[in-house]
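Note sheet for the following structure.
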Amino acid sequence: MRTMLDIFAQIFRNLWAHKLRSFLTMFGIAWGVGSLLLLVGVGEGFRSGNKREMAEFGRDIMFIFPGRAPAVKGSMNSARSYLLTYEDYLDIRKAPHVRNAAPLISRGDLHEVSEFASGSGEIIGTEPQLNEISFLPIKEGRWLNQMDGEQRRNVMVLGNELQKTLFPGRPAVGSFVLINGLRFEVVGSMPHLGRGDNMWLNMRGYIPFQVMASSFPIKGENHQNSISFIEYQPHVTAEHALAEQDVHQIVARNHGFDSTDENAFDGWDSIQESKMVNTIFDVMNMFLGAVGMVTLALGAIGVINIMLVAVSERTHEIGLRKALGATNRSILFHFFLEGLLLTLGSGLIGMAFATVLMAAMGTVHGPGGFDPPKLVPMSALLAIGSLTLAGVIAGLYPARKAAMLQPVEALRQE
Numbered sequence: 044m045r046t047m048l049d050i051f052a053q054i055f056r057n058l059w060a061h062k063l064r065s066f067l068t069m070f071g072i073a074w075g076v077g078s079l080l081l082l083v084g085v086g087e088g089f090r091s092g093n094k095r096e097m098a099e100f101g102r103d104i105m106f107i108f109p110g111r112a113p114a115v116k117g118s119m120n121s122a123r124s125y126l127l128t129y130e131d132y133l134d135i136r137k138a139p140h141v142r143n144a145a146p147l148i149s150r151g152d153l154h155e156v157s158e159f160a161s162g163s164g165e166i167i168g169t170e171p172q173l174n175e176i177s178f179l180p181i182k183e184g185r186w187l188n189q190m191d192g193e194q195r196r197n198v199m200v201l202g203n204e205l206q207k208t209l210f211p212g213r214p215a216v217g218s219f220v221l222i223n224g225l226r227f228e229v230v231g232s233m234p235h236l237g238r239g240d241n242m243w244l245n246m247r248g249y250i251p252f253q254v255m256a257s258s259f260p261i262k263g264e265n266h267q268n269s270i271s272f273i274e275y276q277p278h279v280t281a282e283h284a285l286a287e288q289d290v291h292q293i294v295a296r297n298h299g300f301d302s303t304d305e306n307a308f309d310g311w312d313s314i315q316e317s318k319m320v321n322t323i324f325d326v327m328n329m330f331l332g333a334v335g336m337v338t339l340a341l342g343a344i345g346v347i348n349i350m351l352v353a354v355s356e357r358t359h360e361i362g363l364r365k366a367l368g369a370t371n372r373s374i375l376f377h378f379f380l381e382g383l384l385l386t387l388g389s390g391l392i393g394m395a396f397a398t399v400l401m402a403a404m405g406t407v408h409g410p411g412g413f414d415p416p417k418l419v420p421m422s423a424l425l426a427i428g429s430l431t432l433a434g435v436i437a438g439l440y441p442a443r444k445a446a447m448l449q450p451v452e453a454l455r456q457e
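In my numbering, the protein residues as written are 44 to 457.
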């Protein structure tokens, strides 16, 4: 125990005797490791934030929007626009690979007035099952139900920001709102959705689909039967492409064009989007891993260099120690331990720096879609393992060179 303490004390004395050289070598390794872990942590924060935001919209959501049907397959020069219809929704709901679907009529040009204030949010007419597809929690009151649509009740559910606009500091449930002069009772209100402002998501009001279709239909041709878009979910997440194919075939059949012409469809697939984001981050992590290996290799070369210089400077000391009875093994262990401590110590300092910086960044409110950066355990373990390997390599060669010195030759050198 005493011998080990003496060895550590000697190592620290040697490093302290060459403060600038030791600092520059350690700084290079610490900076490389810290920067790498910080970049991976920020990327992981963005990945988890993106995943969380998608989950807040709902699970496995897919959309189909109105599109343009080409007269000639593959050519959009003579394409005609088409709107989705309620019949499209009814057919999609029965598709073999579709678990659930909801039609939506969206209007952003309507004016809402309460007894306290006025506003202009997005009014959406939909059916009750929308909150089984999208994440639409209720803070007070209730969500729309089947009877609201069947009896064409003038009821509505307010998004968080629209409620604050129309009822500043006051309860909304049980109160009334005029939408373009038509009176609606507020039966529910929602909490704030998403992180950050997300005004577009929280400035919404939801009313029964049948009421929306009759009172505030989409403007244009065939407006009484048209809808803005359809949300749907696949039966099985892995079969989302089959669900999309079913939907394309239904829309193409109902509107008279070829279902294999991808240019005719406009949609969004959250499952595919999530896969793409994960692929991007996996590639980025692989790239950062390669950069990290290069950084550690350069750091190890720096440690080898400084240890070789140390061996050269302390040749006389090594010869004296061997003349006094020090074994090759003790000399080898001493210089090996010095190189290992230099490498591992630098890496752990860099890791601590990255951890503290990420914790500080976590206290700052970031933009939507970004979670606070976090230390990824696997990256930290890989960093420690790589540092240990680099330290072994960096310490072993100079240590072996020191151990192989002959005492007589070493004592002749000053």
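From the three backbone atoms N, C-alpha and C, an ideal C-beta is built for every residue, glycine too.
Separation of the CB atoms of Glu175 and Gly164 is rounded to 23 Å, and the pair is thereby denied contact status at 8 Å. For a cut-off of 8 Å, the C-beta gap from Leu48 to Val334 is around 38 Å, too long to register as a contact.
Within the same chain, and ignoring the five residues on either side of Ser422 in sequence, the residues whose Cβ sits closer than 7 Å to its Cβ are Leu80, Val83. Taking each of Leu67, His278, Leu380 in turn and checking the Cα distance to Phe55, the smallest one comes out for Leu380. Put simply, the backbone Cα of Ile166 is about 55 Å away from that of Leu391. Counting of Cβ neighbours within 10 angstroms places Pro214 among the exposed residues, the total staying below 16. Only buried fits Lys207, as 16 or more other CB atoms lie within 10 angstroms of its CB. With fewer than 16 other Cβ atoms inside 10 Å of its own Cβ, Gln189 counts as exposed. For Gly110, the uninterrupted beta strand (DSSP E) segment begins and ends at 110-112.
By the C-beta density criterion, Leu187 is buried, having at least 16 other C-beta atoms within 10 angstroms. Under the Cβ criterion (8 Å, minimum of three pairs), the region 274-283 counts as touching the region 131-142. Looking at the DSSP output, Ser269 shares a beta bridge with Thr128.
Counting C-beta pairs with one atom in each stretch, the region 335-344 and the region 305-325 have fewer than three that are closer than 8 Å, which means they do not touch.
At least 7 Å separates the beta-carbon of Tyr125 from that of His291.
Ile261 sits buried, since 16 or more C-beta atoms from the chains shown fall within 10 Å of its C-beta.
Ranked by Cα distance from His61, the first of Met447, Ser257, Ile349, Leu424 is Ile349. In the three-state reduction of the DSSP assignment, Asp289 falls in the helix class. DSSP, read as helix, strand or coil, puts Ser163 in coil. Across the set Asn143, Met233, Glu228, Leu236, the C-alpha of Glu228 shows the shortest separation from the C-alpha of Pro251. Annotated as proximal: Val216 and Gly184, with beta-carbon spacing under 7 Å. Look at the region 236-261 and you find these whole runs of alpha helix (DSSP H), each 4 residues long or longer: 242-245, 252-258.
Gly88 sits close to Pro415, with the two beta carbons spaced by under 7 Å. Nearest to Gly231 by C-alpha distance, out of Asn197, Trp243, Glu287, is Asn197.
As the crow flies, the alpha-carbon of Met255 is around 42 Å from that of Val407. Along the length of the region 275-320, whole beta strand (DSSP E) runs at least 3 residues long occupy 309-312, reported in chain order. At the C-beta level, Leu153 and Ile222 come within 7 Å of one another. Annotated as distal: Pro139 and Lys182, with beta-carbon spacing of 7 Å or more. Taking the CA atoms as reference points, Pro180 sits about 11 Å from Gly101. Around the beta-carbon of Phe66, fewer than 16 other beta-carbon atoms lie within 10 Å, marking it exposed. Thr169 sits close to Ala145, with the two beta carbons spaced by under 7 Å. Note on Thr386: 16 or more other CB atoms within 10 angstroms of its CB, so buried under the neighbour-count rule.
Taking C-beta atoms as the reference points, Asp131 and Val294 count as a pair closer than 7 Å. Leaving aside the five residues that flank Ser161 on each side, none in its chain has a CB nearer than 6 Å to its CB. Pro420 counts as exposed, since fewer than 16 other beta carbons sit within 10 angstroms of its beta carbon. As the crow flies, the alpha-carbon of Ser157 is around 47 Å from that of Asp304. According to the DSSP assignment, Asn197 belongs to no alpha helix (DSSP H), since it is labelled neither H nor E.
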